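Visitor: My structure is below; once you've seen it, I'll send some questions.
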Amino acid sequence: SKADMAQALAPPVPQSTAMSAFDAREALATAPKNAEGATKLYDDWAASYDDTLISWGYEAPKVTAEMLTKYIPLDGAIADFGCGTGMSGTEMRNAGFTGELVGFDISGESLKLASEKFVNDKQVYTGTVQGDLSKPLDTTADATFQAVACVGTLSYLHESYQTVFAEWRRVLKEGGVCIFTHKGARQTEDFFKAMADHKFEVVEKTDPMPYLPKNPDYVGPDHLITYFVLKRGA
Numbered sequence: 003s004k005a006d007m008a009q010a011l012a013p014p015v016p017q018s019t020a021m022s023a024f025d026a027r028e029a030l031a032t033a034p035k036n037a038e039g040a041t042k043l044y045d046d047w048a049a050s051y052d053d054t055l056i057s058w059g060y061e062a063p064k065v066t067a068e069m070l071t072k073y074i075p076l077d078g079a080i081a082d083f084g085c086g087t088g089m090s091g092t093e094m095r096n097a098g099f100t101g102e103l104v105g106f107d108i109s110g111e112s113l114k115l116a117s118e119k120f121v122n123d124k125q126v127y128t129g130t131v132q133g134d135l136s137k138p139l140d141t142t143a144d145a146t147f148q149a150v151a152c153v154g155t156l157s158y159l160h161e162s163y164q165t166v167f168a169e170w171r172r173v174l175k176e177g178g179v180c181i182f183t184h185k186g187a188r189q190t191e192d193f194f195k196a197m198a199d200h201k202f203e204v205v206e207k208t209d210p211m212p213y214l215p216k217n218p219d220y221v222g223p224d225h226l227i228t229y230f231v232l233k234r235g236a
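Residues in the sequence shown are numbered from 3 upward in steps of one, following our numbering.
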């Protein structure tokens, strides 16, 4: 019939862009807080991650970078744990850090984008390493870095605090610092014990602050984060 012919020739109805676009709120709310969950979430999200986080009022990379300027020289070597697409590394460069900056992440898609980031015509990261941060990093030498930064990542490592703090201690030079964000609900007895076991001393800790203030799922006291600066004891 003519109707069938017309339908066959009609262009396909485009899917609603909202339907076909990656639903970051849904994915973030439902992804398991473990290595597998993080790999899938951040590989799938990598392409639109920066725009989404900016739209959610994400300031942690900038706050962290500015805090770190008080603790290490601007040419100090930094490990960016859970660097993702490189938002925190970019802010480190914007804050004036000029030294070695190595990004570590479980998401290969995110690391590709991180390695393509530039500030003032210079590549943000001097190197990137793909790996599961809940396990020891065999490829990284002892006493390599003056700082470890870990922004918006520690929630995924909440079952591995002992390993994480052991690794941070190992890769830091004596007197080095780690700076990180962490949700209040995840600041458990295990967390503080691991910190103490590996001889880290808290040198700065902020009041709880908003994390993703423009994401409706992240409103309320449960979603506030604390910024910590720890010094590696002898």
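For every residue, glycine included, the Cβ atom is placed at its ideal position computed from N, Cα and C.
These numbers come from a predicted model, not from an experiment.
In this structure, does DSSP put Ala20 in helix, strand or coil?
Guide: Confidence at Ala20 is low in this model, with a pLDDT of 41, below 50, so the placement of that residue is unreliable and no value is reported for it.
Visitor: Go through its chain and collect everything with a Cβ distance to Pro16's Cβ below 6 Å, but skip five positions before and after it.
Guide: In this predicted model, Pro16 has a pLDDT of only 47, less than 50, meaning its place in the structure is not dependable enough to derive any value.
Visitor: Tell me, to the nearest whole angstrom, how far the beta carbon of Phe182 is from that of Cys152; I am working on the premise that it is less than 8 Å.
Guide: About 4 Å separates the two Cβ atoms, so the contact holds.
Visitor: Let me check one thing: in DSSP terms, what residues is Gln103 bridge-paired to?
Guide: For the sequence presented, residue 103 should be read as Leu rather than Gln. DSSP, once it has assigned bridges, lists Ile80 as partnering Leu103.
Visitor: Excluding the five sequence neighbours on either side, which residues of its own chain have a C-beta within less than 7 Å of the C-beta of Ala236, listed in chain order?
Guide: Glu176
Visitor: In chain order, what residues of the same chain have a beta carbon less than 7 Å from the beta carbon of Tyr220, not counting five sequence neighbours either side?
Guide: So the list reads Tyr213 and Leu214, once near-sequence residues are dropped.
Visitor: Give me the Cβ distance between Cys85 and Ala48, rounded to the nearest whole Å; I'm assuming they're in contact under 8 Å.
Guide: So it is not a contact: roughly 12 Å between Cβ atoms.
Visitor: Under 8 Å, with one C-beta from each stretch per pair, do the region 28-48 and the region 108-123 reach the 3-pair mark?
Guide: yes
Visitor: Out of curiosity, what's the CA-to-CA distance linking Phe147 and Val121?
Guide: Taking the straight line joining both Cα atoms gives about 21 Å.
Visitor: With respect to the alpha helix (DSSP H) encompassing Gly39, which residues constitute its N-terminal and C-terminal limits?
Guide: Gly39 -> alpha helix (DSSP H) spans Ala37 to Ser57.
Visitor: For Ile56, count neighbouring Cβ atoms within 10 angstroms of its own Cβ and tell me buried if that reaches 16, exposed if not.
Guide: Exposed, since its Cβ has fewer than 16 Cβ neighbours within 10 Å.
Visitor: Count the other CB atoms within 10 Å of the CB of Pro63; is the residue buried (16 or more) or exposed (fewer)?
Guide: It counts as buried.
Visitor: At least one CB of chain D closer than 8 Å to the CB of Thr146: is that the case?
Guide: Absent from the structure: chain D. Only one protein chain is present.
Visitor: Between the alpha carbons of Ile227 and Lys207, how many angstroms are there, rounded?
Guide: 11 Å
Visitor: Let's test the definition: count the other Cβ atoms within 10 Å of the Cβ of Gly91 and tell me whether it reaches 16, buried, or not, exposed.
Guide: buried
Visitor: What does the alpha-carbon distance come out to for the pair Thr165 and Ser136?
Guide: Cα to Cα, Thr165 sits roughly 7 Å from Ser136.
Visitor: What are the start and end residues of the alpha helix (DSSP H) that includes Ala26?
Guide: In the DSSP assignment, Ala26 falls within the alpha helix (DSSP H) that extends over Ala26 to Thr32.
Visitor: Please classify Met21 as buried or exposed, where buried requires at least 16 other C-beta atoms within 10 Å of its C-beta.
Guide: Below a pLDDT of 50, predicted positions are generally treated as unreliable, and Met21, at 39, falls in that range; no measurement from the model is reported.
Visitor: Closest to Lys35 by CA distance: which of Val231, His160 and Lys195 is it?
Guide: His160
Visitor: Nearer than 7 Å: is that true of the beta carbon of Asp224 relative to any heavy atom of the ligand MG?
Guide: The ligand MG is not part of the structure shown, which contains no ligands of any sort.
Visitor: Kindly identify the DSSP beta-bridge partner or partners of Ala116.
Guide: Per DSSP, none; premise fails for Ala116.
Visitor: Assuming contact is defined by CB atoms lying nearer than 8 Å, are Pro218 and Gly186 in contact in what I supplied?
Guide: No, these two residues do not count as a Cβ contact at 8 Å.
Visitor: Can you have a look at Ala143 and say buried or exposed, based on whether 16 or more other CB atoms are within 10 angstroms of its CB?
Guide: exposed
Visitor: Exposed or buried, what is Ala79 when buried is set at 16 or more other beta-carbons lying within 10 Å of its beta-carbon?
Guide: The residue in question, Ala79, is buried, as its Cβ has 16 or more Cβ neighbours within 10 Å.
Visitor: Between which two residues does the alpha helix (DSSP H) holding Tyr163 run?
Guide: Residues Tyr163 to Val173.
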